[in-house]
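The C-terminal residue of the sequence shown carries number 146 in my numbering, and the numbering is unbroken.
All C-beta atoms, glycine included, are put in the ideal place defined by N, C-alpha and C.
No experiment lies behind these values; they were computed from the predicted model shown.
For reference, the structure discussed in these notes is given below.
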Amino acid sequence: MLIKETKNLTFYTPEAVNDSGAPFFDTGISAGFPSPAEDFKEHRLSLDEELVTNKEATFFARVSGQSMINAGLNDNDLLVIDRSLEPEDGKIAVCFLDGEFTVKRLRVSKNEMWLQPENPDYPIIKITDENDFIIWGIVTNVIKRV
């Protein structure tokens, strides 16, 4: 369910799904030569169980832009964001900064904080008392299309 769209991120809430997940083959997928003797055991896998630790505090957001490409976050990737996690130096966070949402790496040193993009074409943002700033949540996973 879409809940908010901004310039940099589009937010979604997880929907409850009553099925027991998609088929999951617990044998591993060979990137080399396949093993002809493997027995294929089918289990069910729920991405909610794999990616969501705290349902009440978890949201999804779609990335718009290129400022985090060197961290593996590309345009249109889907972020899993947990609002219950404590922000820490080095974590990737979704932040509300001066009226816009953005995703950046947190850099904290003593009493100073910066939002560091992972693309050298974008500037590091120093957070000051003049900024309207909230750390909205911590990115825990990214879902990509191939």
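Check: Just the Cα atoms here: how many angstroms apart are Thr128 and Asn54?
Finding: Working through the sequence shown from its first residue, we reach residue 128 at position 128. Working through the sequence shown from its first residue, we reach residue 54 at position 54. Rounded to the nearest whole angstrom, the C-alpha separation of Thr128 and Asn54 is 31 Å.
- Consider the Cβ of Asp132: report whether some Cβ of chain B lies at a distance smaller than 9 Å. Included in the structure is just one protein chain, with no chain B present.
* Could you give the C-beta distance for Val103 and Val94, rounded to a whole number, given that I count them as a contact under 8 Å? -> Counting from 1 along the sequence shown, the entry for residue 103 is found at position 103. Counting from 1 along the sequence shown, the entry for residue 94 is found at position 94. Contact between Val103 and Val94 is confirmed by a C-beta separation of about 5 Å, below the 8 Å threshold.
Practice task
Could you check what DSSP says for Asn54 in three-state terms: helix, strand or coil?
Solution key: Position 54 of the sequence shown holds residue 54. Three-state result, Asn54: coil.
- [ ] Could you name the residues that DSSP lists as bridge partners for Lys104?
- [x] Here residue 104 refers to the residue found at position 104 of the sequence shown. Answer is Ala93, bridged to Lys104.
**Item:** Status (buried if at least 16 other CB within 10 Å, exposed otherwise) for Gly90
**Value:** For the purposes of this step, residue 90 is identified with residue 90 of the sequence shown, where counting begins at 1. A residue is called buried when at least 16 other Cβ atoms come within 10 angstroms of its Cβ; Gly90 does not meet this threshold and is exposed.
Ser84: buried (16+ other C-beta within 10 angstroms of its C-beta) or exposed? To locate residue 84, count along the sequence shown from 1; it is residue 84. With a 10 Å radius around the Cβ and a threshold of 16 neighbouring Cβ atoms, Ser84 comes out exposed.
* 8 Å contact criterion, which Arg105 and Glu118 should meet: CB distance rounded -> Position 105 of the sequence shown, counted from the start, is the residue given in the question as residue 105. Position 118 of the sequence shown, counted from the start, is the residue given in the question as residue 118. Yes, they are in contact, since the Cβ atoms of Arg105 and Glu118 sit about 6 Å apart, within 8 Å.
Margin query: Using a 10 Å radius around the Cβ and a threshold of 16 neighbouring Cβ atoms, would you call Val139 buried or exposed?
Written below: By 1-based counting over the sequence shown, the position of residue 139 is 139. Answer is buried; the Cβ neighbour count reaches 16.
*asked:* Between Glu49, Thr58 and Ile134, which has its C-alpha nearest Gly99's C-alpha?
replied: Taking the sequence shown and counting its residues from 1, one reaches residue 99 at position 99. Nearest of Glu49, Thr58 and Ile134 to Gly99, Cα basis: Ile134.
Practice task
Would you identify the three-state DSSP class for Ile112, choosing helix, strand or coil?
Solution key: Position 112 of the sequence shown, counted from the first residue, corresponds to residue 112. The residue you asked about is not Ile; residue 112 is Glu in the sequence shown. In the three-state reduction of the DSSP assignment, Glu112 falls in the strand class.
State buried or exposed for Lys126, treating a residue as buried only when at least 16 other CB atoms are found within 10 Å of its CB.
For the purposes of this step, residue 126 is taken as residue 126 along the sequence shown, with counting starting at 1. Label assigned to Lys126: exposed.
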